[in-house]
Amino acid sequence: MNIKLLTIGKTDNKNLQSLIDEYTKRLSFYVKFDVEIIPDIKNVKNLSETQQKEKEGELILSKITPTDHLILLDENGKTFSSVGFSDFLQKKMNAGIKTLVFVIGGPYGFSESVYKQAIGKVSLSEMTFSHQMVRLFIIEQIYRGFTILRNEPYHHQ
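Residue 52 is where the sequence shown starts when you use our numbering, and the numbers rise one by one after that.
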């Protein structure tokens, strides 16, 4: 299985980017993993929230193939423990999914067209985090999930 993380806008915090790079590198030992950054929409000041979500949605959907399993990182998604998330990853691998795509939306979330394409939604917390921090958190949790599946000593219970 391949895992891809789609995000809107680049990470401008060098410290966060360093950690993202570190966990991306670690994750490469377990699974083919890619981060794809969709550039920020230009002239957002002239757009309503709905228009911005629609434009971002078009860009997100242009990066998805019909066989991809699209999982949105969404505040209303399913929450998991780290062990539960590792089980989620295992079930996706067992199902023979070729590419699992996690998507971090823009500041206003996702358009209806993106929600309709999604197979599921995952919430990392009831709290709100910056989209830049969410990148680090989801990559670390995917890495943690694979270490749990391999019974490696990274995760402690």
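Every residue, glycine too, gets a C-beta built ideally from N, C-alpha and C.
Taking C-alpha positions only, I88 is separated from M144 by approximately 24 Å. According to the DSSP secondary-structure assignment, K55 is paired through a beta bridge with D85 and V152. Rounded to whole angstroms, E105 and S162 show a C-alpha spacing of 5 Å. Apart from the 5 residues on each side of it in sequence, L67 sits with its Cβ closer than 8 Å to the Cβ of Q183, M184, R186 and L187 in its chain, given in chain order. DSSP places I199 in the helix class (H, G or I) of the three-state scheme. Residue pairing from DSSP leaves K143 without any beta-bridge partner. When the five nearest sequence neighbours on each side are left out, the beta carbons in the same chain lying within less than 6 Å of the beta carbon of S137 are those of G196, I199 and L200, in order along the chain. Under DSSP, V173 takes part in a beta bridge, and its partners are K129. Bounds of any alpha helix (DSSP H) do not take in V95, whose DSSP letter is neither H nor E. Selection F84, A169, G157 and S99 evaluated against P117 yields A169 as nearest (Cα-Cα). Taking C-beta atoms as the reference points, G157 and E191 fail to come closer than 7 Å. Around L175, the same chain offers F188 as residues with beta carbons nearer than 6 Å, after the five sequence neighbours per side are excluded. Across the structure, M178 and K76 are spaced so that their CA atoms are roughly 27 Å apart.
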